[in-house]
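*Asks:*
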Amino acid sequence: MTQVDDPRALVLPERTRLLHIGSPKTGTTALQNAMSRLRPQLLEQGVRYPGTTLHHQYGASVLLGRKSPAWGGTLPPHEWWDDLQAEIDAETERRVLVSYEMICQGDLPAVQRFADALGERTHAVLVVRSFGTLLPSMWQQRVKMGLSQPLTGFLREALADLDEVRIRYSDAFHRSDGLHLVERWARVLGPENVTVVVLDPARRSLLFDAFEGLLDLPSGLLDTAPSDGHRANRSMSRAEAELVRHLNELTLGERRAPKPEHRRLVWQGAVDRMLKTHEPTRAEGRVAIPQWALEPCQEAGRRLAEVVRAQGVRVHGDLDVLSAPVPVAEETGPPERDLFPVDAAAQALIGMFAGALDRPVTMRPVETRIDADHPLALIGHAGAVPGATAAAVAPPGSGAGSSGSAPADGPAARAEALAAASTRDLARAVARRATRAPRRAARTVRRRLRREP
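Numbered per my numbering, the sequence shown spans residues 1 to 453.
(1) By DSSP, does isoleucine 21 sit in helix, in strand, or in coil?
(2) Look at the Cβ atom of alanine 160, then the Cβ atom of leucine 135, and state whether they are nearer than 7 Å.
(3) At least one CB of chain C closer than 7 Å to the CB of aspartate 116: is that the case?
(4) Output the distance between the C-alpha atoms of tryptophan 71 and serine 61, rounded to the nearest integer angstrom.
(5) What residues are listed by DSSP as bridge partners for valine 62?
(6) What residues match up with serine 99 in a beta bridge as DSSP calls it?
(7) From the DSSP output, which residues share a beta bridge with arginine 282?
(8) Quick check: the Cα distance between aspartate 211 and arginine 256, rounded to an integer number of angstroms?
(9) Give the secondary structure of aspartate 371 by DSSP, where H, G and I count as helix, E and B as strand, and everything else as coil.
(10) Name the DSSP bridge partner or partners of alanine 124?
(11) Can you tell me the Cα-Cα spacing of valine 96 and arginine 37, whole angstroms?
(12) In this structure, does DSSP put serine 237 in helix, strand or coil?
(13) Have a look at Val321, Leu108, Glu261 and Ala86 and flag the residue whose alpha-carbon is nearest the alpha-carbon of proline 201.
(14) Does the pairing of the stretch 304–321 with the stretch 261–272 give three or more beta-carbon distances under 8 Å?
(15) Can you tell me which of the three DSSP states histidine 56 falls into?
(16) Which complete alpha helix (DSSP H) runs does the stretch 105–166 hold, if anything under 4 residues is left out?
(17) Run through DSSP, which three-state label would threonine 525 get?
(18) Using 10 angstroms around the beta-carbon of glutamine 105, count the other beta-carbons present and answer buried if the total reaches 16, otherwise exposed.
(19) If we count the other Cβ atoms within 10 Å of its Cβ and call it buried at 16 or more, is arginine 184 buried or exposed?
(20) How many Å lie between glutamate 242 and glycine 269 at the Cα?
(21) Suppose the cutoff is 8 Å on Cβ atoms and the five residues either side in sequence are ignored; what does the same chain contact list for glycine 495 look like?
(22) Kindly indicate which three-state DSSP category valine 315 falls into: helix, strand or coil?
(23) Any contact of the stretch 98–118 with the stretch 2–14, i.e. 3+ C-beta pairs under 8 Å?
(24) On the DSSP letters alone, give me the boundaries of the alpha helix (DSSP H) that glutamine 85 sits inside.
(25) My understanding is that arginine 94 touches glycine 46, with C-beta atoms under 8 Å, so please give their C-beta distance in whole angstroms.
(26) Let me check understanding here. Comparing Cα to Cα, which of Asp83, Arg66, Leu84 and Trp81 lies closest to aspartate 107?
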């Protein structure tokens with residue numbers, strides 16, 4: 001192992017083809033966002049980030065032989081890589097960065113295909129982090145994409161074999177070819193052409209510093225890229241994650257919704273908007289491993305560090321961070337469902353989801369005035385207005401907003417009224433106020449209400 005503490009000492013020769021192979025949930029979206037937003041500035045500094053998209057998923061998937069629902073579940077056309085390689089080969093002076101976090105899933109033949117395609121100037125960079133923080137982050141990502149499995153079950157599957165931590169749908173640390181991830185790339189490229197960057201929560205700038213060093217970019221350049229919560233792929237709060245997980249149960253489970261529609265309406269619709277517009281509060285909690293998972297995560301980190309040391313690759317960062325303790329979830333505290341009115345919000349959203357499925361393309365946005373404490377307001381619904389009162393969601397017969405009584409006001413009163421409203425009452429309130437919703441959506445809501453006891 002070659003320890004490189006100074007990021008400026010990481011600099012690669014000119015015309016290097018730097019291949020960022022992952023791993024997922026190690027700041028990849030923030031890095032790719034910065035690179036894609038700063039393409040003109042990078043060219044001026046002697047670096048080409050080819051293409052026009054956020055990352056190089058399409059071209060890299062050809063060499064990985066990766067199927068995806070994004071392109072119909074089939075193998076991608078070879079033209080996707082041909083177009084990317086043409087731009088790479090045309091660059092004869094600058095360093096080139098190719099980035100896609102799923103490249104790390106490739107087996108030995110896939111690694112060899114990348115090496116053959118990019119040539120002798122190829123250098124791979126792998127970013128790793130503690131499993132104690134990686135696994136909750138990966139669970140969140142899968143929940144965004146449709147997973148309804150609770151965190152505990154996800155962790156038990158991942159930690160069943162500490163030499164081969166298996167992360168569902170993102171299997172970076174597999175040994176299907178008998179080799180470890182780092183060992184695979186060191187064997188093909190040579191250990192001198194592999195750099196491992198170890199993220200450290202105490203050094204927030206380490207990732208950008210490392211890539212600025214590798215590519216000989218001015219310090220601080222990547223921090224100048226504009227960003228937002230979605231493009232930076234921020235973490236969800238515990239309440240947000242439970243909301244989305246419950247919505248997945250209803251859409252993909254109970255209602256057996258088509259996965260492409262879930263991707264469009266939930267992942268790229270409700271979740272994206274929530275990440276962009278909702279600022280989580282401390283009361284919503286954070287997603288963290290339980291106490292029982294801490295020791296297995298630390299042991300898995302120790303074993304990963306041993307493999308990295310044994311391969312003789314370059315390392316930037318402290319490998320001991322991989323086995324250091326991390327914060328765990330509180331043993332006591334409110335359950336996820338008490339942090340956020342999950343059932344109410346999910347049932348309200350399911351009505352819009354069902355209505356949208358009845359339309360061939362998209363559904364017109366539901367326009368309604370809802371209280372600022374309403375679950376739809378908390379995930380950024382455009383109809384939320386500060387002046388709305390709890391009467392908007394109060395159950396029939398509660399007296400709120402009725403003739404002869406003053407409507408409840410104030411945060412406590414609004415929260416009490418919302419908590420008292422059943423799922424059925426809330427859905428009725430939303431339906432009543434969806435004055436401009438498509439008629440099909442309204443009929444779907446009414447049919448669902450008639451079916452409920």
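From the three backbone atoms N, C-alpha and C, an ideal C-beta is built for every residue, glycine too.
*Replies:* To lay it out plainly:
(1) strand
(2) no
(3) Structure shown: chain C not included; a single protein chain is present.
(4) 11 Å
(5) Valine 62 is not bridged to any residue.
(6) His20
(7) Beta-bridge pairing links arginine 282 to no other residue.
(8) For the record, residue 211 in the displayed sequence is phenylalanine; it is not aspartate. Those two C-alpha atoms are separated by around 43 Å.
(9) Note that aspartate 371 scores a pLDDT of 49, beneath 50, so its modelled location is shaky and nothing firm can be said.
(10) Leu19 and Val194
(11) 16 Å
(12) strand
(13) Val321
(14) no
(15) coil
(16) 108–118, 131–144 and 151–158
(17) Residue 525 is absent from the structure shown; the chain starts at 1 and stops at 453.
(18) buried
(19) buried
(20) 17 Å
(21) It is not possible to answer for residue 495, since the shown part of the chain is limited to 1 through 453.
(22) strand
(23) no
(24) 79–90
(25) 5 Å
(26) Arg66
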